[in-house]
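Add 39 to a position in the first sequence, counting from 1, and you land on the number used in the working numbering.
Each residue gets a CB set at the ideal place from its N, CA and C atoms; glycine is no exception.
As the structure is a computational prediction, the values presented were derived from the model and not from experiment.
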Amino acid sequence: MPELPEVEVVKKSLLSKIIKLKVKKVKVKNVNLRYKIDKKSINSLKNKKIISIKRISKYLLINFSNDITLISHLGMTGRFYIEEKKKILKSSFYYNNLTKLRKHDHVVFIFNNRLKIIYNDIRKFGFLMIAKTSKLKNYTSFIKLGPDPLKNKFNFKYFKEKSINKKIKIKDLLMNQSFVSGLGNIYVNEILFKSKINPYFLASNLKDVDIKKIVKYTKNILLKAIKHGGSSIKDFHSFDGAKGHYQEKFYVYGKTGLQCSSKDCKALISKVVISQRATFYCPNCQK
DNA sequence: TTCTTTGTTCCGGA
DNA sequence: GTCCGGAACAAAGA
């Protein structure tokens, strides 16, 4: 389930492989993702060069020449993978052969050096969309996003001001993308565990010291996850098929009934549901 | 067949 | 008008 660290890892992989390449062809096998793919607009990528690749929250932005940007959100199970040329094939065969596609491959981008990038999405909750680079700031999904948790703007002062009147559970606040953008269920569970705060605790009741801990561990955990290539649970693999390894560092996510990892704590990790999301915590450490 | 999974949006009540 | 909780939605696998 791609959250900020996973999207950042995908961004870095894409940067290392396709920056400055030119699109030779786009093949759309299935238009029915979260939002229907507009074939005409996605075909406008043909002969355009990749200028830069960025991440906003959990969105991936691939900027092409001629003011075109491909916006992508991986949803639950979206991923990009790479297929490099293995042997010399007749180009007509190479560019048209779709028989080798795997199940749930939906879109194939073929570049001028014959490299292929394939978008695969089992649940089809992700999407690909074309926008004008110069108009990205007007894109409605971006307008309401809160600060990126890794940026300086996400700090104690911001958190305090925004949470002081929020009579909602701290877990719900961290999950709210207009408060801070990029966190998802997995990392919020982990952040609250490290901060020793109960997920049900009301945001307005947090003490300064609690807020400082949350801000610190948010950045800390995300950076560590990025360093480990993200978390490969369910369907996330990085670009070249390699898995991320941060899931091996989880303290509470998916650890129901296992002993808490804190020193000298014998409590078992609880699983409850908050806002229809699985929530894991240590009832002893997170009071 | 039913349940689980996630981010986002919408609706109703306070 | 604002805030908050809950439900709905997308699709597929176990």
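K75 is the residue among K51, K75, K302 whose C-alpha sits nearest the C-alpha of F166.
Scanning its chain for C-beta atoms nearer than 8 Å, with the 5 sequence neighbours on each side dropped, one finds around I230 the residues L213, L222, I253, Y256, T257, I260, in chain order. Annotated three-state conformation of Q286 is helix, per DSSP. The C-alpha of A264 lies about 10 Å from the C-alpha of E47.
Scanning the stretch 179 to 267 from its first residue to its last, the whole alpha helix (DSSP H) runs of 4-plus residues come out as 179 to 182, 195 to 202, 209 to 214, 224 to 234, 247 to 266. Within the same chain, F218 come within 7 Å of K201 by CB-CB distance, once the 5 residues on both sides are set aside. Residue pairing for F119: DSSP places it in a beta bridge opposite Y158.
For L297, the number of other beta carbons within 10 angstroms of its own is below 16, and it is reported as exposed.
Beta-bridge pairing by DSSP links T108 to N102, A170. 7 Å or more divides the Cβ of L109 from the Cβ of I121.
In the DSSP assignment, the residues bridged to V67 are V146.
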